[in-house]
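Participant: First, the structure itself, so that you have it in front of you.
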Amino acid sequence: MFRGEWQHDRASGHGVLQYANGCHYEGQWKDDKRHGYGAFVHTDGSRYEGEWGNGRKEGKGTLYLASGDKFSGYWADGLISGPGMFEFHADSPWLNADL
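Heads up: take any position in the sequence shown, counting from 1, add 286, and you land on our numbering.
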């Protein structure tokens, strides 16, 4: 179900879409596609917050994983592209100096 702004019978402006599988997106829309800044939340609790273009991750954004780890960086056409930083959660074994 979509709640938000419409223009020319299309989602345009700010809106929220609740998907049938339980995921949801809140943010900017253009011509029925995620476009601008927004957040997509998955059913496992992971989420992406950042820039969107033509319905895909595009530009700067952060992916928060359900494990507590996160990746901040740049995206192009829905994929990680260019520099970024991966941060492990506080209890991650990768933070153990003995590894």
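Note that CB positions come from ideal geometry on N, CA and C, so glycine has one too. Predicted model only: the values in this text are computed from it and were never measured.
(1) Considering only residues of the same chain and omitting the five flanking positions on each side of Glu-335, which have a CB-CB separation below 6 Å?
(2) Taking buried to mean at least 16 other C-beta atoms within 10 Å of its own C-beta, is Leu-303 buried or exposed?
(3) Check each candidate in Glu-373, Ser-353, Tyr-360 and name the one with the smallest Cα separation from Trp-338.
(4) Where do the N-terminal and C-terminal ends of the beta strand (DSSP E) with Trp-315 fall, by residue?
(5) Quick check on the burial criterion: 16 or more other C-beta atoms within 10 angstroms. Buried or exposed for Gly-299?
(6) CA-CA distance, Gly-354 and Leu-365?
(7) Between the C-alpha atoms of His-294 and Gly-301, what's the straight-line distance to the nearest angstrom?
(8) Please determine, among Asn-307, Phe-288, Glu-291, Gln-314, the residue with the shortest C-alpha to C-alpha distance to Lys-343.
Facilitator: Per the coordinate set shown:
(1) Around Glu-335: Ala-325, Thr-348.
(2) Counting the other CB atoms within 10 Å of its CB gives Leu-303 a total of 16 or more, which places it among the buried residues.
(3) Distances from the CA of Trp-338 to each of Glu-373, Ser-353, Tyr-360 were compared; the closest alpha carbon is that of Tyr-360.
(4) Counted as a single uninterrupted DSSP element, the beta strand (DSSP E) harbouring Trp-315 occupies residues 310 to 316.
(5) With fewer than 16 other beta carbons inside 10 angstroms of its own, Gly-299 counts as exposed.
(6) The alpha-carbon of Gly-354 is positioned some 20 Å away from that of Leu-365.
(7) Inter-residue distance for His-294 and Gly-301 is about 15 Å (C-alpha atoms, whole angstroms).
(8) The candidate whose alpha carbon is nearest that of Lys-343 is Gln-314.
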